[in-house]
Amino acid sequence: MEPTKWPEAEVACQSHGRNSHLASIHSAEENDFIFHLMGKPLDYTKGRAYWIGAHDTFKEGSFMWTDGSKYNFRTFPADQPDGLPGENYLGSWTLQNGFVTWNDYGASWSFPFVCKYTLRNSCRDPCV
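So the sequence shown is numbered by this note's numbering: it starts at 147 and just counts up by one.
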């Protein structure tokens with residue numbers, strides 16, 4: 147996947163249909179799953195990070211997921227997010243103490259990205 151700026155990555159995800167957006171992450175397990183899916187050691191200085199679907203473009207420090215789901219999980223190192231002007235888009239950042247952490251980046255950064263979409267349920271409730 148080609149490194150892309152965050153707004154273009156969200157558009158690319160939406161083009162897949164099926165309510166597809168940049169990935170929202172709601173647990174440590176989901177965060178780890180996506181990290182292993184991407185298969186690269188994290189090093190944002192070498193472009194080895196990836197976009198996820200949260201931003202705070204409407205209010206600094208109030209992150210929201212592009213898919214509209216509740217922002218109920220976060221994993222920032224102690225000094226992040228730092229609230230610098232123009233850093234409104236979340237991406238992976240680094241491993242700290244064995245955990246994948248996030249950072250807020252500006253619109254000029256380009257990273258690979260992870261899309262997430264809902265599979266249609268083909269069975270009737272209860273689905274076994």
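From the three backbone atoms N, C-alpha and C, an ideal C-beta is built for every residue, glycine too.
| Check | Outcome |
| --- | --- |
| Kindly indicate which residue of S170, M147, R164, E156 has the alpha-carbon position closest to the one of G214. | S170 |
| Quick one: what's F181 bridged to in DSSP? | F181 pairs with nothing; no bridge assigned. |
| Output the boundary residues of the alpha helix (DSSP H) element that contains V157. | 152-160 |
| Ignoring anything shorter than 3 residues or poking outside the stretch 214-257, list the beta strand (DSSP E) runs there in chain order. | 233-242, 245-252 |
| Expressed to the nearest angstrom, what Euclidean distance is found between the alpha-carbon atoms of S166 and D225? | 31 Å |
| Taking the beta strand (DSSP E) that G199 belongs to, which residues open and close that run? | 197-201 |
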